[in-house]
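Down below is the structure, laid out as structure tokens.
Protein chains: 4
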Amino acid sequence: MSKISNVLAERYASGAMKDIWSGEGRVIIERDLWIAVMKAQKELGIDVPDGVIEAYEAVKGQIDLASIDARERITKHDVKARIEEFCDLAGHEHIHKGMTSRDLTENVEQLQMVRALQLVRSKAVTALVRLSEKATEYADQIITARTHNVAAQPTTLGKRIAMFGQELLLGIEHLDRVIENYAVRGIKGAVGTQIDQLTLFSGNTDKVAQLENSIVKYLGIASSINAVGQVYPRSLDFEVVSALYTLTSGPSSFCKTLRIMAGNETASEGFAKGQVGSSAMPHKMNSRSCERVNGFHVILNGYMNMVAGLAGDQWNEGDVSCSVVRRVALPDSFFAVDGLFETFLTILDQMETFPAVIERENSHYFPFLSTTTIMMEAVKKGAGRELAHESIKEHAVATVRDLRHGKVTRNDLLDRLAADSRLGLTMEELEAIIARGQELVGSAKAQVKIFADQVNGWSARFPEAKAYVPGSIL
Amino acid sequence: MSKISNVLAERYASGAMKDIWSGEGRVIIERDLWIAVMKAQKELGIDVPDGVIEAYEAVKGQIDLASIDARERITKHDVKARIEEFCDLAGHEHIHKGMTSRDLTENVEQLQMVRALQLVRSKAVTALVRLSEKATEYADQIITARTHNVAAQPTTLGKRIAMFGQELLLGIEHLDRVIENYAVRGIKGAVGTQIDQLTLFSGNTDKVAQLENSIVKYLGIASSINAVGQVYPRSLDFEVVSALYTLTSGPSSFCKTLRIMAGNETASEGFAKGQVGSSAMPHKMNSRSCERVNGFHVILNGYMNMVAGLAGDQWNEGDVSCSVVRRVALPDSFFAVDGLFETFLTILDQMETFPAVIERENSHYFPFLSTTTIMMEAVKKGAGRELAHESIKEHAVATVRDLRHGKVTRNDLLDRLAADSRLGLTMEELEAIIARGQELVGSAKAQVKIFADQVNGWSARFPEAKAYVPGSIL
Amino acid sequence: MSKISNVLAERYASGAMKDIWSGEGRVIIERDLWIAVMKAQKELGIDVPDGVIEAYEAVKGQIDLASIDARERITKHDVKARIEEFCDLAGHEHIHKGMTSRDLTENVEQLQMVRALQLVRSKAVTALVRLSEKATEYADQIITARTHNVAAQPTTLGKRIAMFGQELLLGIEHLDRVIENYAVRGIKGAVGTQIDQLTLFSGNTDKVAQLENSIVKYLGIASSINAVGQVYPRSLDFEVVSALYTLTSGPSSFCKTLRIMAGNETASEGFAKGQVGSSAMPHKMNSRSCERVNGFHVILNGYMNMVAGLAGDQWNEGDVSCSVVRRVALPDSFFAVDGLFETFLTILDQMETFPAVIERENSHYFPFLSTTTIMMEAVKKGAGRELAHESIKEHAVATVRDLRHGKVTRNDLLDRLAADSRLGLTMEELEAIIARGQELVGSAKAQVKIFADQVNGWSARFPEAKAYVPGSIL
Amino acid sequence: MSKISNVLAERYASGAMKDIWSGEGRVIIERDLWIAVMKAQKELGIDVPDGVIEAYEAVKGQIDLASIDARERITKHDVKARIEEFCDLAGHEHIHKGMTSRDLTENVEQLQMVRALQLVRSKAVTALVRLSEKATEYADQIITARTHNVAAQPTTLGKRIAMFGQELLLGIEHLDRVIENYAVRGIKGAVGTQIDQLTLFSGNTDKVAQLENSIVKYLGIASSINAVGQVYPRSLDFEVVSALYTLTSGPSSFCKTLRIMAGNETASEGFAKGQVGSSAMPHKMNSRSCERVNGFHVILNGYMNMVAGLAGDQWNEGDVSCSVVRRVALPDSFFAVDGLFETFLTILDQMETFPAVIERENSHYFPFLSTTTIMMEAVKKGAGRELAHESIKEHAVATVRDLRHGKVTRNDLLDRLAADSRLGLTMEELEAIIARGQELVGSAKAQVKIFADQVNGWSARFPEAKAYVPGSIL
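This is the structure we're talking about:
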């Protein structure tokens, strides 16, 4: 029977994300940690002869999972097997001094998360840049804003895009704060008392404290957590996964809206280059990628639920029944969020808008959306307020009814109003109002501009993001 | 039939939290918003005669819900009724200029949340201070650390408390960042284009931008969100409620551990002053308050699930089907978190520890926990490493087996080891090792000290927190 | 400050549902339980003089919560206070024999749930009947079926409604099985050993077993659970709330679809009689009630999450930290599901469909949906298969493109095909195909008929359901 | 880089479960479906020459995923590739008549679920049998029942086990009803109108109806769903996964209790044969498998959350954005529940109890648990009720206090009572009461017997279950 693969990783995630969570990726990060500890220990006087660290660094990238497995079958101990492998490659035995298994696993998993978070942040900035470009491109394209899914007021398509971009931006700011304040457990021993490092340093508490500071510096992490038990607090995992959920809410809303717009034919997620609809149904541009983004968001909610089930359930120094849960939920959350952004970036690259259909929709709704202005103008020209109001309401309600029941096939509200002497407005005057009405998008364009400026700041901070091109999706 | 009350509010939450979410509390915040808008509009040239703002401020606190209800029965419009009431009280008509209903409701709900968040932060700091005091009090009390709920290594009770306190501290730092970066929707009109304020300011985009800045300054909020639709992004609600969940994970773990300790009689949540167990069962000190804290944590997870169901589901400019959900989940989340901290603070005030039982437990486990040291000493005194290892393992396994099967009633491992010539250690030597073993708590005390220093920083920033005393709980 | 009321109960739930969960409702059910136990005990020989049960039954409905509260302030014990009140009213002291507090509270809460479930089942059947009526009414109304929210094939509006009705029907069948197999905890004492009833019956195990059977018979419940601890398994609460979630998924999907249809103006949830849109926006029929139904579904998910957090977390004979959670999640789940059905029934009564708009949509899409048939006919008339295919695809793609980019304003695919000699079909022939195409709805009508027959079975079983009329909603 | 495998499948699930969800397993079930459809079509007159079905059946098991992949690279269509492969193997082209892709995928996934559900039911019955055996084995072992995690009343260990078994039994009954009432979508075409089968049967609606009945009969399924769209209702997936959650709540509670018992050393999950604790910590029998069971329960909650996110979110005939979610959540739910039962069965096989420790605990608590009886006896012997009550309470409280504060090291309540003239009971009389007290376990044994009888019914229905032996776990 064929092996069952991780569908989120193998079908949707990018190579860069898989690298972090693969067997090889884990070994690399583990070796980074060992090296950081060695450097810090050497600085503080532990005997690590010159050249040793360099020897380990030189072979860090030589990863042979089969060899490690073979060792594990003999030693019956996974950590020992990986220690032996690395030491044999380097020709020294200086790693893992005063460290327990948890010192390794906890910190390694945290480092995997930090690197995965940084990758996600970068892709999210890419999406932000694309949204900003689209928003700017359509800053002037008037569209009928909808609330409760029905026509409400004019806005611009650019503003609509900027609105979802703004939510993504809030999510990025939140994620960024999580990353920049992330703390690792550090080298604390089996129950968190640092007893083994203290023994190594002959009871010198100051040196043990300096050791931790030095290690996190080498790892590029903000800090380590002072008082922990066997494990770091699982609410930290929740903080991470919930930040991914927050982050992807803007893209999810954007995609839901695009699915609705596709139903009205005002926009579409488009086809990949070369892709066509079936010959039988060439009209059928299914929003499959948008649905997938929404699906990933649902998936993230589920993984978040898993890690939420661990937070606040620590017994004593560390019985948290979390091992199997974290083994599933942590990598899979990151594969899901990575797949989400790969898909979302593809949508942003391929999406189409149909201004002709948008304009038809505008024409259909604008007479209704302009009745307030029409009344003001009628009063200005001398109509009685009450009469004008009565006239407009009467005609508007009748027009809606006639349109819906097929008595008329286009919105003829203006004709009706022009024909009603209570208002005293000519067709020309009414059409002039509508024409102005199309400009009644308020600060929409200004908001797009401000959004674009905010995005530029992030783009400058992460210059690699702008150039990123998603892989091709299924 | 009697009215059905909100059980979280009426049974568990404090008066201060109910004040924020009550009918009256909402009216006060709404009036704060109107006044802030008026001030900002006046600054920017809108006609608000001198003395008007003062007149509104003077009557701000006069809240008569019955009168507002009576007005609503006539106007059939809740916002109008509240405008009229406030204006009649003040004797002016200058509020709500260029504002729509959403401008009111969105910002008012956000302000309620900010004030509720600040209240929660303050109580969380109180809990932090109490944990720090307890940790310091028990910094030297050696206790058997447990992983997987079984004895693992020595630590101190103070360190155990500091460990949960440290998780709370991480949660407070996270919550604090959420509060300090919180942005309100601002006065953006029905679909977010600011069309009404623009009209009020004759199309002056700059003034409209300044208006927002000025309003948030008056409200004491970080900023407003640039591009929004009818509503602010619902992922912001999720960010808030998930921060409450993170925050309460430390207290939840603490309480779970205290429930387990109560089962071992090493500690207890205690009784309220004057409270006693039933006469039939005086031994029965139920951890009801700890269970309640864990229950609130489960409740918060449920409300978080509700707001997660809204994030990423915005259609167009604002169809998010969220009204009924937010009406339930937002206030009830805050009532739950408030009830949690009231209960948690009560536990911290009343909890008891039983050092005699803790010491009995230590005596029972320390011979096992000291076997590594015993072997080292035996080798030092000339025993063969392999023989010593074999001896210790043999006796340790036998002792465990005999204890569990009732062959012995106290841990007699030391007797067995003293009698085994393979080790060559006398009973005196073994007892000396155990005595030292009791000091093998590593950096436990140093970590308590560092934790206490960190807490002092927060206590200094929120000086009111230290003095807070929870209300009496049911 | 005004009391904070339960918004789900007071704003959305029906009187019948509030009755079950109110203070008074709970007292009534508690008294029902006491009476059932007395009857069973009397049957089995416990001394309950003739006339005593009748005396209790006579005063069962006299509920004075204030009096009970007054007693509780004296006794400091809520159960005692309620026992005294009932006994004083009846003039006897024969209730609660051999019962502990948990015997009361567990069974009472379960009985509240059963009665609430029965109420929900009845309303769900009402909704089913209304869906069946609507489905039958529109069984022949052809509509463009959509998958991925874009046009796919013809179906009928009645079939679409029946489809959601069928999901509701599956949910009712599931709920019905939960109700019909529901088991109560029974009178099992403080830790489930029935020690108190055994003492009462002088150790007669058979009689104690008979007692339980007799009690559940009097209560109208399927059975009691044999081996329990202090509490019944909390997975039973999860089974109940998850059944409510399943049940409401059909209505939720219906409402989501109606919101989308409202955006296309093919249908609307309508207005309450007398209600009108604002005069400024008479076109704006917001799907507020549909959104509310979707909101209630999200709320139910949250409460389900809470009870899921209790299931599988029982410690020993009953430490489940569930008290506060169940106090919130159980009644509130039922208020939410009740509010959902009240709202949904209102929608079904008021919804409107717009056949003229539906037909316009059909006309727009049917040429595309008929291309398979057109090709078959062309080949039948002698066209080459490849040429025909090529011709159709070419024109279909071009038509879509021209429609979307405003080059044409109506679907002119037939004109293009008629003009293409490769196909050899005249306009008359093409129009004849389209006309037939409108009948290509397969078994849609037959399925509506089968659905209606299934519904009739349920309607016959619950005859009160058909006549139920929802209360007026906010 | 190495491929990332599905950790739930490859690390925890059994071969039988992987078979169902593997690439090969899916192909087998797909071929079963094709054959069932062919048989039904042949019966109803569609031309399927004799021998054809046999030819397909003969090659059904020849699965070559590489060959299918190779075909897909050419056809660019996965379903076509699998059709071709099967037809080439059989030497005929009679499958998939009048079927669309969704006819295949929806039903195949449902069949995978049914078979997986049946496998789970069988393993759950195995667990039930083991629990019944354990409960019977320990039916007479008195143990201190705990509520709120502190001593409450005597019960028996067998009863405690039966209690969790009873919860599992409720879960099995629920699961069984889900399986026995499960309905598949059936062959309904692209939007559910059966248009293609109707065309195949020349519009004969009756035959199309018979076809479905016949297919489900061949597949061994209860029924098919009458009115569906492109997809079957996703609330059905939720019904399935939530039934798995209900099912596993009993095992989860059992394991949580065993973790707590391990902390008190009254029981342990044991070691696998040959496994030993580390030599340094031979006392340390970590409840890793129990924690894993609890972890799987948390995982199931997360997947349930995912499928809950799909239910009630169907747009029109089938836009449910569910594809990626179901691809993850459905198989992974089953891998998790399978891993849970494999682990749970291992625990039940290896767990140990320590009667000597249990008895020590009983001795410690029984004097307290017997105070009610002591008072009754004192009064019977002539003591004043009030005085007796006062005496007992006084001594009990003092004893608890002295035990906890180290003034006494064993429960000497009886000595104190014997010395108090207010009671008038001798030490012999008191000890006689305690001795009887140990029998005060009420119906505990009778309940174990009833439970065992109930289990026998299930064991008889699924005879293979009793003999099942779990695979060895990591």
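Residue numbers (the working numbering), protein chains in the order written: chain A, 710 to 1183; chain B, 710 to 1183; chain C, 710 to 1183; chain D, 710 to 1183. In this text, a Cβ means the ideal position worked out from N, Cα and C, and glycines have one as well.
- Separation of C:R1110 and A:F1063 (C-alpha to C-alpha, rounded to the nearest whole angstrom) is 9 angstroms.
- The residue from A:F980, A:P960, A:V859 and A:I1143 with its alpha-carbon nearest to that of A:F1005 is A:P960.
- Here B:D849 carries a coil assignment [DSSP, helix/strand/coil].
- DSSP places C:A1092 in the coil class of the three-state scheme, outside both helix and strand.
- Excluding the 5 residues flanking it on each side, C:K751 has same chain C-beta neighbours closer than 6 angstroms at V757, in chain order.
- Counting only the Cα atoms, C:E889 lies some 6 angstroms from C:A931.
- Taking the Cβ atoms as the reference, A:Y1012 lies roughly 6 angstroms from A:V950, within the contact range of under 8 angstroms.
- CA-to-CA, the gap between C:G724 and A:A861 works out to about 36 angstroms.
- Three or more Cβ pairs closer than 8 angstroms define a contact, and the segment 845–856 of chain A meets that threshold against the segment 1145–1162 of chain A.
- Contacts with chain C (Cβ-Cβ distance below 8 angstroms) from the segment 993–1009 of chain A involve K993, M994, N995, S996, R997 and E1000, listed in chain order.
- Among the residues facing chain D, A:G1027 is not included, as its CB has no counterpart in that chain under 8 angstroms away.
- Taking a Cβ-Cβ cut-off of 9 angstroms, the neighbours of C:S1032 in chain B comprise R997, E1000, R1001 and G1004, given in sequence order.
- Between the alpha carbons of B:D773 and B:Y927 lies a distance of about 25 angstroms.
- If the five residues before and after C:R869 are omitted, its C-beta is found closer than 7 angstroms to the C-beta atoms of I852, all from its own chain and listed in chain order.
- Straight through space, the alpha carbons of B:F1044 and A:D1047 are spaced by roughly 36 angstroms.
- In the displayed model, C:V1178 falls within coil according to three-state DSSP, outside both helix and strand.
- At a Cβ-Cβ threshold of 8 angstroms, B:S731 and B:E1173 do not count as neighbours.
- Within the segment 1063–1111 of chain D, the complete alpha helix (DSSP H) segments of 4 residues or longer fall at 1064–1078 and 1080–1089, listed in chain order.
- Under the Cβ criterion of 8 angstroms, C:N922 is not counted among the residues facing chain A.
- In this structure, the straight-line span from the alpha carbon of D:C964 to that of C:T809 is close to 28 angstroms.
- In this structure, B:T914 and A:S1152 form a Cβ contact; the two beta carbons are roughly 6 angstroms apart against a cut-off of 8 angstroms.
- When C-beta atoms of the segment 887–902 of chain A are compared with those of the segment 1102–1118 of chain A, fewer than three pairs fall below 8 angstroms, so the two segments do not count as touching.
- Here B:Q850 is buried: its Cβ has 16 or more other Cβ atoms, across all protein chains shown, within 10 Å.
- At least 8 angstroms separates the CB of B:V838 from every CB of chain C.
- Shown here, A:E1061 sits in a strand according to DSSP, grouped into three states.
- DSSP places B:T955 inside the alpha helix (DSSP H), whose first and last residues are S944 to L956.
- At a cut-off of 8 angstroms, the C-beta of A:T902 has a neighbouring C-beta in chain B.
- Pairing B:L837 with D:S1072, the inter-Cα distance amounts to about 40 angstroms.
- Interface flag for A:E974 against chain C is set, since a Cβ pair is found closer than 8 angstroms.
- In this structure, the alpha-carbon of C:S977 lies about 5 angstroms from that of C:E1061.
- Listed by position along chain B, the residues whose Cβ is nearer than 8 angstroms to that of A:P942 are Q875, E876, L879, S958, G959 and S962.
- About 4 angstroms separates the beta carbons of B:S944 and B:A1020, which is inside the 8 angstroms limit, making them a contact pair.
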